[in-house]
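Enquirer: Okay, handing you the structure first.
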Amino acid sequence: MKLIFAIVSSDDSSVVSTALTKEGFSVTKLATTGGFLMSGNTTFIIGTEDEKVDQVIDIVAQHSKKRTQMVPSSTSYGVGLYSSFPIEVTVGGATIFVTDVERFEKV
Amino acid sequence: MKLIFAIVSSDDSSVVSTALTKEGFSVTKLATTGGFLMSGNTTFIIGTEDEKVDQVIDIVAQHSKKRTQMVPSSTSYGVGLYSSFPIEVTVGGATIFVTDVERFEKV
Amino acid sequence: MKLIFAIVSSDDSSVVSTALTKEGFSVTKLATTGGFLMSGNTTFIIGTEDEKVDQVIDIVAQHSKKRTQMVPSSTSYGVGLYSSFPIEVTVGGATIFVTDVERFEKV
Ligand code: NI
Ligand code: NI
Ligand code: NI
Numbered sequence: 000m001k002l003i004f005a006i007v008s009s010d011d012s013s014v015v016s017t018a019l020t021k022e023g024f025s026v027t028k029l030a031t032t033g034g035f036l037m038s039g040n041t042t043f044i045i046g047t048e049d050e051k052v053d054q055v056i057d058i059v060a061q062h063s064k065k066r067t068q069m070v071p072s073s074t075s076y077g078v079g080l081y082s083s084f085p086i087e088v089t090v091g092g093a094t095i096f097v098t099d100v101e102r103f104e105k106v
Numbered sequence: 000m001k002l003i004f005a006i007v008s009s010d011d012s013s014v015v016s017t018a019l020t021k022e023g024f025s026v027t028k029l030a031t032t033g034g035f036l037m038s039g040n041t042t043f044i045i046g047t048e049d050e051k052v053d054q055v056i057d058i059v060a061q062h063s064k065k066r067t068q069m070v071p072s073s074t075s076y077g078v079g080l081y082s083s084f085p086i087e088v089t090v091g092g093a094t095i096f097v098t099d100v101e102r103f104e105k106v
Numbered sequence: 000m001k002l003i004f005a006i007v008s009s010d011d012s013s014v015v016s017t018a019l020t021k022e023g024f025s026v027t028k029l030a031t032t033g034g035f036l037m038s039g040n041t042t043f044i045i046g047t048e049d050e051k052v053d054q055v056i057d058i059v060a061q062h063s064k065k066r067t068q069m070v071p072s073s074t075s076y077g078v079g080l081y082s083s084f085p086i087e088v089t090v091g092g093a094t095i096f097v098t099d100v101e102r103f104e105k106v
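Protein chains in written order, with numbering that gives the first Met the number 0: chain R, 0 to 106; chain E, 0 to 106; chain W, 0 to 106.
Given below as structure tokens:
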């Protein structure tokens, strides 16, 4: 048995959670407080058998991989005068820690 | 030293927490965000000596075991016409993971 | 790789978080719900290489050590009649658990 801690971008949080649940994994989602440095993250705890760790990591990775995205941006040239254009930003990404479980009980 | 992660139904959360604290255990309660799939759970982190793990599991189990409960329900037979009757639902339940602590510091 | 769980007094939470981040550590801050018994705590999860565990513990300890503080207090002698004086209280303190990480992935 393993306990997996996955810290994912809040943008990908519900997609990751849905994908894991659909595959039958038990997912607990912890609230992450919005400090300025760590805002925008969600921490998941997933308990699973040793042989399914790869599958969990694959699912998390597939749904939260770092990628670039075009988002609207704008520059102001003065009062009421601005130009809007798309810029490329990096979104997503996940950090995953797998720890060993010595004992597991369901009551 | 062990670190125990106990995920219990929110219904049982304060009873479990009170019971553990009364027995002298240090309990940290993490907020679980209310996603539709995992609403209603509370995660506890409990650090304890190896020989007290059984006691922690017993306390959590005793106060959060899966059980059935009769709750009021109602069926509507038309506008303003309904029948109220009790139905049996399953409540409670806990999932407990015990992990090993390599180093423990209190400052 | 280690995963460190540090439970610190909420008073010291932002100072600890800033100090760890300044030294390049990845810190995830979990919201702790305010039960009467465990209000006032913040839980951090810090993933780090084995050889930096000491540094993490030092930083947490330095910024959250138990210490005494003088705070204003007052005793009432009747309606509208009271005396204000400082009393010494203990603040801060942290509990730190280091657990082993079997596998670490960044995606
Ligand atoms: Ni998918
Ligand atoms: Ni009891
Ligand atoms: Ni400092």
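Positions of the beta carbon are idealized from the N, C-alpha and C atoms, including for glycine.
Shortest alpha-carbon distance to R/GLY91 belongs to which of R/ALA18, R/PRO85, R/GLY39, R/VAL100?
Expert: Here residue 91 of chain R corresponds to residue number 92 of the first sequence, with the count starting at 1. When only C-alpha atoms are compared, the closest one is R/GLY39.
Enquirer: By DSSP, does R/PHE35 sit in helix, in strand, or in coil?
Expert: Here residue 35 of chain R corresponds to residue number 36 of the first sequence, with the count starting at 1. In this prediction, R/PHE35 has a pLDDT of 39, which is less than 50 and means its spatial position is unreliable; nothing more can be read from the coordinates.
Enquirer: Tell me the DSSP bridge mates of E/GLY46?
Expert: Counting from 1 along the second sequence, the entry for residue 46 of chain E is found at position 47. Its beta-bridge partners are E/LEU2, E/SER25.
Enquirer: Quick one: which unbroken beta strand (DSSP E) runs of 3-plus residues sit fully inside the segment 43 to 89 of chain R? Chain order, please.
Expert: 66 to 77
Enquirer: Does any C-beta atom of chain W lie closer than 8 Å to the C-beta of R/GLY77?
Expert: To locate residue 77 of chain R, count along the first sequence from 1; it is residue 78. Judged by the 8 Å Cβ criterion, R/GLY77 is not in contact with chain W.
Enquirer: Output, in chain order, the set of chain E residues within a Cβ distance shorter than 8 Å of W/THR98.
Expert: Taking the third sequence and counting its residues from 1, one reaches residue 98 of chain W at position 99. Those are LEU2, THR98, ASP99, VAL100, GLU101, listed as they occur along chain E.
Enquirer: Got a sec: which bits of the segment 52 to 63 of chain E sit with their beta carbon under 8 Å from any beta carbon on chain R, in order along the chain?
Expert: Listed by position along the chain: VAL52, ILE56, VAL59, ALA60, SER63.
Enquirer: From the DSSP output, which residues share a beta bridge with W/SER8?
Expert: Counting from one through the third sequence, the residue named residue 8 of chain W turns up at place 9. DSSP lists W/ASN40 as partners of W/SER8.
Enquirer: What residue range does the beta strand (DSSP E) around W/VAL97 cover?
Expert: As a position in the third sequence, residue 97 of chain W is number 98, starting the count at 1. Note, W/VAL97: beta strand (DSSP E), 93 to 99.
Enquirer: When you compare only the Cα positions, how much space is there between W/THR20 and W/LYS28?
Expert: Numbered from 1 along the third sequence, position 21 holds the residue referred to as residue 20 of chain W. Numbered from 1 along the third sequence, position 29 holds the residue referred to as residue 28 of chain W. Using only the alpha carbons, I get a separation of about 12 Å.
Enquirer: Assess, as a yes-or-no matter, whether the segment 1 to 8 of chain W is touched by the segment 74 to 90 of chain E under the definition of 3 or more beta carbon pairs within less than 8 Å.
Expert: Using a Cβ-Cβ distance cut-off of 8 Å, the segment 74 to 90 of chain E and the segment 1 to 8 of chain W are not in contact, since fewer than three pairs of beta carbons, one from each stretch, lie closer than that value.
Enquirer: Based on Cα-Cα distance, which residue from R/ALA93, R/GLY79, R/SER9, R/MET0 lies nearest to R/ILE58?
Expert: Sequence index remark: in the first sequence, residue 58 of chain R carries index 59 (1-based). Per the Cα distances, R/ALA93.
Enquirer: Using a beta-carbon distance below 8 Å, is W/GLY46 in contact with chain E?
Expert: Numbered from 1 along the third sequence, position 47 holds the residue referred to as residue 46 of chain W. Judged by the 8 Å Cβ criterion, W/GLY46 is not in contact with chain E.
Enquirer: Quick check: the Cα distance between W/VAL106 and R/THR17, rounded to an integer number of angstroms?
Expert: In the third sequence, residue 106 of chain W corresponds to position 107, counting from 1. In the first sequence, residue 17 of chain R corresponds to position 18, counting from 1. Taking the straight line joining both Cα atoms gives about 19 Å.
Enquirer: Examine chain E for any beta-carbon lying closer than 8 Å to the beta-carbon of R/LYS105, and answer yes or no.
Expert: In the first sequence, counting from the first residue as 1, residue 105 of chain R sits at position 106. At least one chain E Cβ lies under 8 Å of R/LYS105.
Enquirer: For E/PHE43, count neighbouring Cβ atoms within 10 angstroms of its own Cβ and tell me buried if that reaches 16, exposed if not.
Expert: To locate residue 43 of chain E, count along the second sequence from 1; it is residue 44. Buried, since its Cβ has 16 or more Cβ neighbours within 10 Å.
Enquirer: Given a cut-off of 8 Å, decide if E/THR41 and E/SER12 are closer than it, judged by their beta-carbon atoms.
Expert: Reading the second sequence from its first residue, position 13 is the one you call residue 12 of chain E. Reading the second sequence from its first residue, position 42 is the one you call residue 41 of chain E. Yes; because the gap between Cβ atoms is below 8 Å, this pair is in contact.
Enquirer: Just how far apart, CA to CA, sit W/VAL97 and R/SER9?
Expert: Translated into the one-based positions of the third sequence, residue 97 of chain W becomes position 98. Translated into the one-based positions of the first sequence, residue 9 of chain R becomes position 10. Straight-line Cα distance between these residues: approximately 26 Å.
Enquirer: Strictly under 8 Å for the Cβ-Cβ distance: is R/LEU19 near chain W by that measure?
Expert: Your numbering for residue 19 of chain R matches position 20 in the first sequence. No, R/LEU19 lies away from the interface with chain W (no Cβ there is under 8 Å from its Cβ).
Enquirer: With a threshold of 16 other CB atoms inside 10 Å of the CB of W/VAL55, please say whether the residue is buried or exposed.
Expert: Counted from its first residue, the third sequence places residue 55 of chain W at position 56. Per the 10 Å Cβ criterion, buried.
Enquirer: Under 8 Å Cβ-Cβ, which residues of chain E neighbour R/SER25?
Expert: For the purposes of this step, residue 25 of chain R is taken as the residue at position 26 of the first sequence. Per Cβ cutoff of 8 Å: THR94.
Enquirer: Return the chain-ordered list of same chain residues with a C-beta closer than 7 Å to the C-beta of E/ASP99, the five sequence neighbours on each side being excluded.
Expert: In the second sequence, counting from the first residue as 1, residue 99 of chain E sits at position 100. Excluding positions up to five away in sequence, the list reads LYS1.
Enquirer: What does the Cβ neighbour count give for W/SER63, buried or exposed, with the cut at 16 atoms within 10 Å?
Expert: Along the third sequence, one-based indexing puts residue 63 of chain W at 64. Its Cβ being crowded by 16 or more others within 10 Å, W/SER63 is buried.
Enquirer: Taking all protein chains shown into account, do 16 or more other C-beta atoms lie within 10 angstroms of the C-beta of E/VAL15, making it buried, or fewer, making it exposed?
Expert: Translated into positions along the second sequence, residue 15 of chain E becomes position 16. Burial call: buried.
Enquirer: Considering only their Cβ atoms, is the gap separating W/PHE84 from W/SER75 smaller than 8 Å?
Expert: For the purposes of this step, residue 75 of chain W is identified with residue 76 of the third sequence, where counting begins at 1. For the purposes of this step, residue 84 of chain W is identified with residue 85 of the third sequence, where counting begins at 1. Cβ atoms of W/SER75 and W/PHE84: not closer than 8 Å.
Enquirer: Can a CB atom of chain R be found closer than 8 Å to the CB of W/LEU29?
Expert: Within the third sequence, the letter at position 30 stands for residue 29 of chain W. Closer than 8 Å: yes.
Enquirer: Would you tell me roughly how many angstroms separate the C-alpha atoms of R/LEU80 and R/GLN68, rounded to the nearest one?
Expert: Against the first sequence, residue 80 of chain R aligns to sequence position 81. Against the first sequence, residue 68 of chain R aligns to sequence position 69. Going from the Cα of R/LEU80 to the Cα of R/GLN68 covers about 26 Å.
Enquirer: Counting C-beta neighbours from all protein chains within 10 Å, is the total for E/VAL107 16 or more, i.e. buried, or is it exposed?
Expert: The first residue shown for chain E is 0 and the last is 106, placing residue 107 of chain E beyond what the model contains.
Enquirer: Is there a C-beta anywhere in chain E that falls below 8 Å from the one on W/THR67?
Expert: If you number the third sequence from 1, residue 67 of chain W lands on position 68. No, W/THR67 lies away from the interface with chain E (no Cβ there is under 8 Å from its Cβ).
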